[in-house]
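If you read the protein sequences in the order shown, they are chains A and B. Adding 355 to a residue's 1-based position in the first sequence gives its number in the numbering used here. Adding 14 to a residue's 1-based position in the second sequence gives its number in the numbering used here. Following: one structure in structure tokens, then a few remarks.
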Amino acid sequence: MITDVMFHSLRSRSQLIPVEDLIRDCAGSRMPEIIPELLTAPIAAAAAEVCPTRAITTDTPVEGGCALRLDYGKCIGCGRCVEVGDGAIRPAKRFSHSGVSRSELVQTWQTGSGVEAQAGEMHTSARDRVYALLGRALNIRQLDPGSCNGCEAEITALTNPYYDLERFGIHFVASPKHADMLLITGPVTRNMATAVQKTYEAVPLPKLVVAVGACGCSGGIFDRRNCPVGTLVNLNEEIIGPVDSLLPVHGYIPGCPPTPAMLVSGILEVLNRYTGRK
Amino acid sequence: MKGNAANQWGPESGRNEALPLDADRRFTGRLVSIFGDNTGGTTILHYLVDLPGAGYGDFEYVVAGPVRSMTPVAPAASWHEREVHEQYGVEFIGHPHLRPLMRHSRFDSGLPSNGSTQEMEESQFLRVQGEGVCEIPVGPVHAGIIEPGHFRFSVVGDTVLHLQLRLFYTHKGTEKLFEGRVATDAVPIAESVSGDNCFAHAVAYCQAVEGVHQAIVPPKANAIRLIGLELERLLAHIGDLGALCGDVGFAVPAAYCARIKEDLLQASAKIVGTRYWRGVAVPGGVRHEIGSADGRELKESIRIAVEDFVGIAEQALRTPSLEDRFEGAGILAPNRAADLAVVGPVARACGIALDVRRDHPYGAYKNLNFDVPTWHYGDVMARARIRMMEVHASARLLLDYLEALPAGPIWLPLPAISTGRAFAAVEAPRGELVYWLRVEEGKIARCHVRSPSFQNWPALPFAVTGNIIADFPLINKSFNLSYSGCDR
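Listed below in structure tokens is the structure:
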């Protein structure tokens with residue numbers, strides 16, 4: 356009976372994961388990580404060859420090596436590059452590219468020299484400033500303009516007792532008119548374009564837009580521009596493209612789907628950047 | 015058609031094999047899917063059916079002019095025929111309303127359009143008229159963390175007289191996206207058809223590719239696939255029951271179920287490195303080994319999770335305030351369910367014993383004997399109860415399999431047969447999921463995905479009509495259909 360349920364609830368221990376453990380955690384996301392010392396030109400070429408969304412590409416050879424370019428915004432974490440990476444590419448344990456700008460999702464490494472040729476601008480640790488910045492409550496309206504619902508499943512998990520986004524004063528709201536932030540998943544389909552535009556217009560100023568998932572960041576597997584070179588690809592006119600093909604985007608949370616920890620890190624990072632500015 | 019024409023149906027007289035009809039001129043089998051394919055400029059219709067006693071059958075028909083609609087003898091054909099009409103321009107004679115299904119009028123679809131866009135949009139909806147009738151449009155953007163779709167309610171007071179769906183807002187042209195890809199390489203696309211059932215989609219796709227290659231999957235890989243499929247079912251059903259409790263304002267079991275689901279996701283992340291088993295299935299086997307120590311650990315996590323879940327869910331379902339909301343809400347009559355050929359827990363809650371795992375066993379299920387639990391009444395409570403029973407059944411399977419995993423390789427190379435056709439069905443958490451594949455020289459020429467949601471969505475309005483509109487979210491949740499899986 357209902358009282359049993361209540362007692363059951365009172366007896367159980369708290370499951371809440373401390374925010375320090377969530378920031379930069381990406382366990383279970385399958386995002387790859389490059390070990391620069393081990394990276395060679397053949398590995399880079401093999402990784403670019405197997406990548407299904409052109410997240411990994413190689414640039415023109417420079418002094419016997421070549422540059423490997425990894426776009427986390429396109430990565431769907433299929434793990435194929437890890438299989439051919441021979442130790443130079445492995446699943447990441449820590450991930451610092453959540454909630455950043457589009458250009459910061461891209462990293463380039465020079466093979467042979469072992470140096471990171473052009474790192475994205477690394478942001479300072481959000482951890483120390485999280486509590487100080489979140490004095491105000493943030494209302495989020497989640498919007499799905501065509502996602503496969505993988506991202507929705509993980510966003511729903513943010514309200515469970517492990518992540519409990521409400522502890523930061525962050526709520527999911529039912530109406531865009533109550534929202535400060537739009538959390539947008541998936542590629543924008545042609546059928547949803549008008550609804551996305553109208554939803555954005557209904558959010559009062561100032562408003563933040565966060566693109567979630569590989570599809571939200573880059574169109575992911577659904578965008579024909581991400582299809583591997585050499586595959587005959589049909590013109591996919593059902594898809595308009597990533598979120599930023601329609602709306603201005605303040606932060607990007609990559610992953611396919613991003614884990615709840617990456618979502619928490621990303622949302623806090625966007626807040627960190629944009630509430631600090633005011 | 016030959017012989018006693020009154021008891022048979024075919025797209026056109028005398029041209030192809032006929033399908034059986036009963037005395038009321040209803041199709042006696044179960045319609046699985048109708049889809050088109052184009053080879054060398056010729057459009058071919060495929061009628062995928064499940065005939066009693068004979069199993070799955072793929073009936074082909076070459077289109078040479080207008081085709082007789084199957085909808086009058088099998089109402090489940092309606093959406094399929096609308097889809098084929100839109101994709102291939104095939105005219106179906108006798109279809110009640112061949113309006114576009116997937117592409118909303120913003121598209122220049124090349125189909126004849128009479129009048130302006132706005133008129134065409136509105137003409138798609140049935141106007142219910144009379145004193146006190148009003149229309150409530152809901153969506154496509156809904157109030158929650160859910161996918162988009164439009165519902166047009168016609169109500170008198172609180173009572174729903176008519177509900178019309180307009181879906182396909184997440185239509186991404188996924189079937190087209192498969193075309194031209196190397197067949198053994200396209201699993202990530204299948205995984206992105208419906209993200210919360212990604213493993214069932216991946217396995218169904220892999221089985222279709224293996225069918226083309228006539229490949230043999232090693233026993234260990236089949237066992238790992240079974241574990242992934244049943245774990246996905248557990249996750250879906252535990253999540254659904256929690257969400258159903260949440261929809262009637264019963265927050266404690268909702269939070270409990272969310273916690274238990276998360277426990278299982280974290281166990282998956284630890285053992286296979288991915289929360290939703292993405293990237294695990296591959297044609298020819300699986301990509302992730304589960305060792306005996308990992309198996310024991312996963313088994314223990316599942317045992318604890320299921321024990322916790324059963325404890326809380328049994329108590330929740332016995333709570334009078336919840337019974338009051340669940341019982342009698344959203345009844346789907348068994349004859350409607352059969353007419354619309356619904357699948358999965360929705361069918362089983364109406365007493366229709368249908369389960370691909372038993373009826374058309376695949377992989378490790380070939381060695382299993384099991385009962386398909388059914389329930390009656392077809393209301394929200396029945397759909398909740400069915401999910402409870404399936405959690406028990408899945409947990410038993412998982413615990414047995416994790417106890418003694420077979421030895422051997424987890425992947426075998428595919429035989430070099432690179433041209434052919436095959437279809438495969440899997441019992442996904444939402445029901446029968448079918449992939450039909452035609453591969454030419456290693457590349458996909460046509461891939462048709464029939465998700466359980468596509469089959470079940472048309473049944474939802476029948477369950478909602480006559481209920482109060484405030485019960486709609488609950489009834490919708492009890493169906494728990496995937497928009498993306500349906501829209502593709």
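Just so you know, even glycine gets a beta-carbon here, dropped at the ideal spot from N, CA and C.
task = Check whether the Cβ of F182(B) lies closer than 8 Å to any Cβ atom in chain A.
result = yes
message = Beta carbons nearer than 8 Å to chain B: which residues of the segment 594–608 of chain A have them?
response = I594
ask   = Where does N383(B) fall in DSSP's three states?
value = coil
message = Along the segment 415–434 of chain B, where does the CB come closer than 7 Å to a CB of chain A? Name the residues.
response = none
inquiry  = I need the straight-line Cα distance from G358(B) to E404(B), nearest angstrom please.
reply    = 11 Å
task = Please name the residue, chosen from S467(B), R301(B), V266(B) and G242(B), that lies closest to A281(B) on a Cα-to-Cα basis.
result = G242(B)
request  = Determine the extent of the alpha helix (DSSP H) in which R449(A) is found, giving its start and end residues.
outcome  = Note, R449(A): premise wrong, no alpha helix (DSSP H); not H, not E.
ask   = Under 8 Å, do P13(B) and A550(A) count as touching if we go by C-beta distance?
value = Residue 13(B) lies beyond the stretch modelled for chain B, which goes from 15 to 502, so this question has no answer here.
Beta-carbon proximity list for I274(B), same chain, < 6 Å, skipping 5 on both sides = I252, A319, D322 and F323
ask   = Looking at the C-beta of S369(A), does it have a partner C-beta in chain B at a distance below 8 Å?
value = no
ask   = Which stretch, first to last residue, makes up the beta strand (DSSP E) that contains N494(B)?
value = No beta strand (DSSP E) contains N494(B), which DSSP labels as neither H nor E.
inquiry  = If distances are taken between C-alpha atoms only, which option among W389(B), R362(B), S408(B) and C364(B) comes closest to L382(B)?
reply    = S408(B)
request  = Using a Cβ cut-off of 8 Å (strictly closer), state whether L191(B) contacts chain A.
outcome  = yes
ask   = Is the Cβ-Cβ distance between V564(A) and T540(A) less than 8 Å?
value = no
task = Using DSSP bridges, identify the partner residues of P151(B).
result = R166(B)
ask   = Is the Cβ of V567(A) closer than 8 Å to any Cβ of chain B?
value = no
task = Between the Cα of I444(A) and those of L460(A), R424(A) and S453(A), spot the shortest distance and give me the residue it belongs to.
result = R424(A)
task = May I ask you to report which of helix, strand or coil DSSP gives L255(B)?
result = helix
query = Listing by chain order, which chain B residues have their CB less than 7 Å from the CB of A361(A)?
reply = The identity of residue 361(A) in the sequence shown is Met, whereas the question assumes Ala. Under the 7 Å cutoff, chain B gives V266.
task = Note down, one range per segment and in chain order, each beta strand (DSSP E) of at least 3 residues found wholly within the segment 516–581 of chain A.
result = 525–527, 536–540 and 563–567
task = Tell me, please, whether the segment 460–469 of chain B touches the segment 158–176 of chain B by the rule of three or more beta-carbon pairs shorter than 8 Å.
result = no
task = Leaving aside the five residues before and after P420(B) along the sequence, list all residues of the same chain whose C-beta is less than 6 Å from its C-beta, in chain order.
result = P233, K234 and A237
task = Quick one: using the 10 Å Cβ neighbour count with 16 as the cut-off for buried, is I482(B) buried or exposed?
result = exposed
key: Cutoff 8 Å: R385(A) Cβ touching any chain B Cβ   = yes
Closer than 8 Å to chain B by CB, R484(A) = Only weak support is given to the placement of R484(A): the predicted model assigns it a pLDDT of 49, under 50, and the question is left unresolved by the model.
ask   = Listed from N- to C-terminal order along the chain, which residues in the segment 383–410 of chain A have their beta-carbon within a distance smaller than 7 Å of any beta-carbon of chain B?
value = G383, R385 and P407
request  = Determine, using beta carbons only, whether F697(A) comes closer than 8 Å to chain B.
outcome  = What the structure shows of chain A is the stretch from 356 to 633, and residue 697(A) is not part of that stretch, so it cannot be assessed.
ask   = So the beta strand (DSSP E) D51(B) belongs to, where does it begin and stop?
value = R44 to T53
query = Which bits of chain A does T288(B) rub up against, with CB to CB less than 9 Å?
reply = G383, S384, R385, G432 and G434
task = Name, please, each residue of chain A whose Cβ falls closer than 7 Å to the Cβ of S498(B).
result = S502, C503 and N504
Neighbouring residues, chain A, relative to V207(B) (Cβ below 7 Å) = C503
ask   = Since A355(B) and A90(B) are thought to touch, with beta carbons under 8 Å apart, how far apart are those beta carbons, to the nearest angstrom?
value = 4 Å
request  = Check Y629(A) in the structure and name its three-state DSSP category.
outcome  = helix
key: Other residues of its chain near C220(B): CB distance less than 7 Å, five sequence neighbours each side excluded   = V201, A295, V296 and P297
message = Looking at chain B, is there any beta carbon in it that lies within less than 8 Å of the beta carbon of L498(A)?
response = yes
ask   = Would the beta-carbon of P391(A) fall within 8 Å of that of C436(A)?
value = no
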